[in-house]
Amino acid sequence: MKIGLLGCGIVGSGVYDIITQNMSPMVVDFEVLKALVKTPEEIIRPDMTNNVDDIFANDEIDTVVEAMGGIHPAYEFITRALKAGKNVVTANKAVVAKYLNEFTTLAKENGVKFMYEASVGGGVPWIKSLRQAMRIDEITHIGGIFNGTTNLILSEMEEKGLSFDECLKTAQKMGYAEADPTADIDGIDVRNKLIISTSIACGKQVLAEEIMTFGIRSIKECDLAYFKTLNKHIRLYAEAVIEDGKYCCRIEPRLFNVDEPEAGIKLNYNICSLYGKTIGTLKYIGQGAGKFPTANAMVQDLLDIDCGNATLPELDFNGNATCDMARLEGSYYVRYSEAVADKVEAAFDGIEYTAVEVNGAKAFVTSVIPTITLHDRIESVADAMPEIFVARV
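In this text, residue positions in the sequence shown follow the working numbering: the first is 209, and each later residue adds one.
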């Protein structure tokens with residue numbers, strides 16, 4: 209296999225190292241012919257280039273590994289590679305979530321493979337496991353902790369009693385969080401991963417605007433102190449139900465009992481779960497971020513292409529899936545400051561709830577309500593969101 213590598217950052221360099229250092233006897237016949245960097249100053253090896261045409265014009269290169277991240281120019285490069293008859297492997301959840309249907313169609317039309325195992329779960333073999341389960345089973349539920357950055361922040365807040373800002377800075381220093389952490393802490397990264405997973409389970413494209421999403425940006429130490437009195441742990445949890453040809457998705461902070469597997473997922477680890485009507489519940493645990501966990505998953509995709517990937521069915525997406533937002537419900541903890549108390553309490557008028565004691569703030573726990581109802585009420589006081597934190601109990 210002759211490879212063109214787009215991007216030589218943390219993940220791209222991991223792929224390069226696994227292949228060129230022969231970390232596995234399975235990759236001895238793999239060769240990186242060209243590796244794209246951004247500027248001439250970054251060229252430190254003969255196989256490096258800052259001109260992407262050096263990759264696309266090379267007829268020897270049969271497979272492109274996209275390790276750049278972001279939507280653009282990743283979208284243009286992936287599209288160009290597929291149209292040129294080159295296989296593509298990517299870990300880019302943002303571009304896969306948005307263009308999965310298009311990429312899959314292009315790959316089929318041009319007789320090549322489009323592989324994206326590393327886009328969800330990092331080193332966890334989640335997508336392959338989901339597709340294998342679908343060969344003989346109907347998947348009706350998907351769930352998981354899909355973001356190592358927020359999981360690191362929450363577990364550090366719990367164990368060390370530190371503030372959100374302190375734990376975010378730690379995650380940034382460790383290389384897990386970007387300088388702009390919006391995608392992680394507001395649930396956008398998790399949403400992309402849930403889109404990919406649910407689209408596979410549905411066989412149709414799931415849309416971002418139909419996923420109910422809360423992040424962890426406004427969590428405070430007082431919230432963790434209250435959850436500790438309940439003997440529960442908080443995690444940013446993604447969930448989808450797929451029944452009768454319809455789906456419903458949500459991403460939200462959620463409390464778990466100490467004896468539940470999700471409560472024990474700490475640092476940059478992920479847990480991905482599925483429920484099938486015959487197999488029941490399966491859970492997969494592993495590192496969800498990092499140089500070699502993610503690179504390992506990408507090289508696994510390369511091996512699957514090289515071996516023909518004969519054991520897995522082709523995915524053939526057909527239009528958009530149908531969403532039914534009313535299918536999920538729960539009881540919710542809502543914490544807010546005194547400054548926005550009148551707004552919040554007016555927004556929840558008509559919903560049964562019980563006030564709870566939280567140090568330095570006001571809070572209540574609702575009765576079981578549709579998740580979409582919660583979102584509608586919170587959106588009605590959107591200007592107060594920095595003062596509000598929500599979690600499913």
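A virtual CB, placed ideally from N, CA and C, is assigned to each residue, including glycine.
It should be emphasised that the depicted structure is a prediction, and the values quoted were computed from it without experimental measurement.
Go through its chain and collect everything with a Cβ distance to residue i's Cβ below 6 angstroms, but skip five positions before and after it.
{"i": "glycine 330", "result": "Gln495, Gly496, Ala497, Pro501, Thr502"}
{"i": "isoleucine 218", "result": "Lys499"}
{"i": "valine 414", "result": "Ile403, Thr406, Ser407, Ala529"}
{"i": "tryptophan 334", "result": "Val328, Cys480, Tyr492"}
{"i": "arginine 600", "result": "Glu460, Arg462, Gly538, Tyr540"}
{"i": "alanine 326", "result": "Ala299, Thr502, Ala505, Met506"}
Taking the alpha carbon of residue i as the reference point, which residue from the options has its own alpha carbon closest?
{"i": "valine 193", "options": "Ile479, Asn309, Leu582", "result": "Nothing can be reported for residue 193, as the shown portion of the chain is limited to 209 through 601."}
{"i": "cysteine 531", "options": "Gly383, Glu418, Met256, Lys570", "result": "Glu418"}
{"i": "tyrosine 540", "options": "Pro578, Gly527, Gly351, Ser363", "result": "Pro578"}
{"i": "phenylalanine 597", "options": "Leu432, Ile559, Asn504", "result": "Leu432"}
{"i": "asparagine 309", "options": "Thr390, Gly527, Ala571", "result": "Gly527"}
{"i": "serine 337", "options": "Asp591, Ala549, Ala505", "result": "Ala505"}
{"i": "valine 552", "options": "Gly568, Phe285, Met593, Arg343", "result": "Met593"}
{"i": "glycine 568", "options": "Gln340, Pro248, Lys428, Phe322", "result": "Lys428"}
{"i": "histidine 349", "options": "Met533, Glu447, Asn318", "result": "Glu447"}
{"i": "lysine 474", "options": "Ala416, Glu364, Gln340", "result": "Glu364"}
{"i": "isoleucine 344", "options": "Val548, Ile227, Ala409, Phe525", "result": "Ala409"}
{"i": "glutamate 317", "options": "Leu523, Ala547, Ala549, Ala534", "result": "Leu523"}
{"i": "alanine 534", "options": "Ile487, Cys216, Tyr455", "result": "Tyr455"}
{"i": "alanine 202", "options": "Ala326, Thr390, Glu595, Lys377", "result": "Because the chain here runs from 209 to 601, residue 202 falls outside it and cannot be looked at."}
Whole angstroms are fine: how far does the CA of residue j sit from the CA of residue i?
{"i": "aspartate 557", "j": "glutamate 451", "result": "32 angstroms"}
{"i": "valine 260", "j": "valine 320", "result": "20 angstroms"}
{"i": "lysine 401", "j": "methionine 382", "result": "22 angstroms"}
{"i": "serine 545", "j": "arginine 585", "result": "16 angstroms"}
{"i": "threonine 287", "j": "leucine 370", "result": "44 angstroms"}
{"i": "glutamate 587", "j": "glycine 423", "result": "14 angstroms"}
{"i": "cysteine 375", "j": "valine 507", "result": "32 angstroms"}
{"i": "lysine 485", "j": "isoleucine 251", "result": "52 angstroms"}
{"i": "glutamate 268", "j": "lysine 242", "result": "10 angstroms"}
{"i": "glycine 222", "j": "valine 576", "result": "46 angstroms"}
{"i": "cysteine 457", "j": "valine 449", "result": "7 angstroms"}
{"i": "arginine 603", "j": "leucine 536", "result": "Residue 603 is absent from the structure shown; the chain starts at 209 and stops at 601."}
{"i": "tyrosine 434", "j": "glycine 472", "result": "19 angstroms"}
{"i": "threonine 312", "j": "glutamate 367", "result": "43 angstroms"}
{"i": "threonine 421", "j": "proline 254", "result": "45 angstroms"}
{"i": "glutamate 468", "j": "asparagine 439", "result": "12 angstroms"}
{"i": "aspartate 373", "j": "histidine 280", "result": "30 angstroms"}
{"i": "aspartate 591", "j": "glutamate 460", "result": "19 angstroms"}
{"i": "aspartate 397", "j": "threonine 298", "result": "15 angstroms"}
{"i": "methionine 342", "j": "methionine 234", "result": "27 angstroms"}
{"i": "isoleucine 211", "j": "valine 589", "result": "51 angstroms"}
{"i": "asparagine 230", "j": "tyrosine 224", "result": "10 angstroms"}
{"i": "alanine 608", "j": "threonine 562", "result": "Lying outside 209 to 601, the shown extent of the chain, residue 608 is not represented and no answer is given."}
{"i": "leucine 444", "j": "arginine 462", "result": "6 angstroms"}
{"i": "alanine 275", "j": "isoleucine 347", "result": "30 angstroms"}
{"i": "alanine 518", "j": "glutamine 340", "result": "Bear in mind that the predicted position of alanine 518 carries a pLDDT of just 47, short of 50, making it too unreliable to give a figure here."}
{"i": "leucine 214", "j": "glycine 411", "result": "29 angstroms"}
{"i": "glycine 453", "j": "alanine 416", "result": "18 angstroms"}
{"i": "glycine 220", "j": "glutamate 284", "result": "18 angstroms"}
{"i": "aspartate 550", "j": "valine 566", "result": "17 angstroms"}
Could you pull out every residue in the same chain whose Cβ sits closer than 8 angstroms to the Cβ of residue i, ignoring the five residues on either side in sequence?
{"i": "methionine 209", "result": "Asp237, Phe238, Glu239, Asp270, Thr271, Leu510, Ile513, Asp514"}
{"i": "glutamate 560", "result": "Thr574, Ser575"}
{"i": "lysine 246", "result": "Asn258"}
{"i": "arginine 278", "result": "In the sequence as displayed, the identity of residue 278 is glycine instead of arginine. Here the set comprises Asn300, Ala302, Val303."}
{"i": "alanine 387", "result": "Gln380"}
{"i": "valine 564", "result": "Tyr434, Tyr541, Ala571, Phe572, Val573"}
{"i": "isoleucine 442", "result": "Leu362, Glu366, Ile427, Asp431, Leu432, Phe435, Pro461, Arg462, Leu463, Phe464, Ala599"}
{"i": "proline 248", "result": "Asn258"}
{"i": "proline 389", "result": "Thr357, Leu376, Ala379, Gln380"}
For residue i, which residues of its own chain have a beta-carbon under 7 angstroms away from its beta-carbon, when the five flanking residues on both sides are left out?
{"i": "alanine 379", "result": "Thr357, Leu360, Ile361, Ala385"}
{"i": "arginine 425", "result": "Ile393, Asp394"}
{"i": "leucine 314", "result": "Thr287, Leu290, Lys291"}
{"i": "asparagine 465", "result": "Lys440, Ala471"}
{"i": "threonine 489", "result": "Ser481, Tyr483"}
{"i": "phenylalanine 322", "result": "Leu290, Val296, Phe311, Thr312, Ala315"}
{"i": "glutamate 228", "result": "Reading off the sequence, residue 228 comes out as threonine, not glutamate. Here the set comprises Val240."}
{"i": "tyrosine 307", "result": "Tyr283"}
{"i": "isoleucine 487", "result": "Ala341, Asp345"}
Which residues does DSSP list as the beta-bridge partners of residue i?
{"i": "methionine 506", "result": "DSSP, once it has assigned bridges, lists no residue as partnering methionine 506."}
{"i": "glutamine 413", "result": "Asn528"}
{"i": "tyrosine 561", "result": "Thr574"}
{"i": "isoleucine 404", "result": "Beta-bridge pairing links isoleucine 404 to no other residue."}
{"i": "phenylalanine 597", "result": "Arg543"}
{"i": "threonine 257", "result": "Leu244"}
{"i": "serine 481", "result": "Gly351, Lys491"}
{"i": "phenylalanine 322", "result": "Val296"}
{"i": "lysine 440", "result": "Asn465"}
Determine whether the Cβ of residue i lies closer than 9 angstroms to any Cβ atom of chain B.
{"i": "leucine 244", "result": "Although the question refers to chain B, the structure presented lacks it and comprises just one protein chain."}
Please indicate yes or no: does the CB of residue i lie closer than 8 angstroms to some heavy atom of the ligand SAH?
{"i": "serine 405", "result": "You won't find the ligand SAH in this model; it holds no ligand whatsoever."}
Counting pairs of Cβ atoms below 8 angstroms between the region 275–294 and the region 260–267, do you hit three or more?
Proximity of the region 275–294 to the region 260–267 meets the contact definition, three or more beta-carbon pairs being nearer than 8 angstroms.
Validate contact between the region 349–356 and the region 471–491 using beta carbons, cut 8 angstroms, 3 pairs:
A contact is defined here as three or more CB-CB pairs under 8 angstroms, and the region 349–356 meets this definition with respect to the region 471–491.
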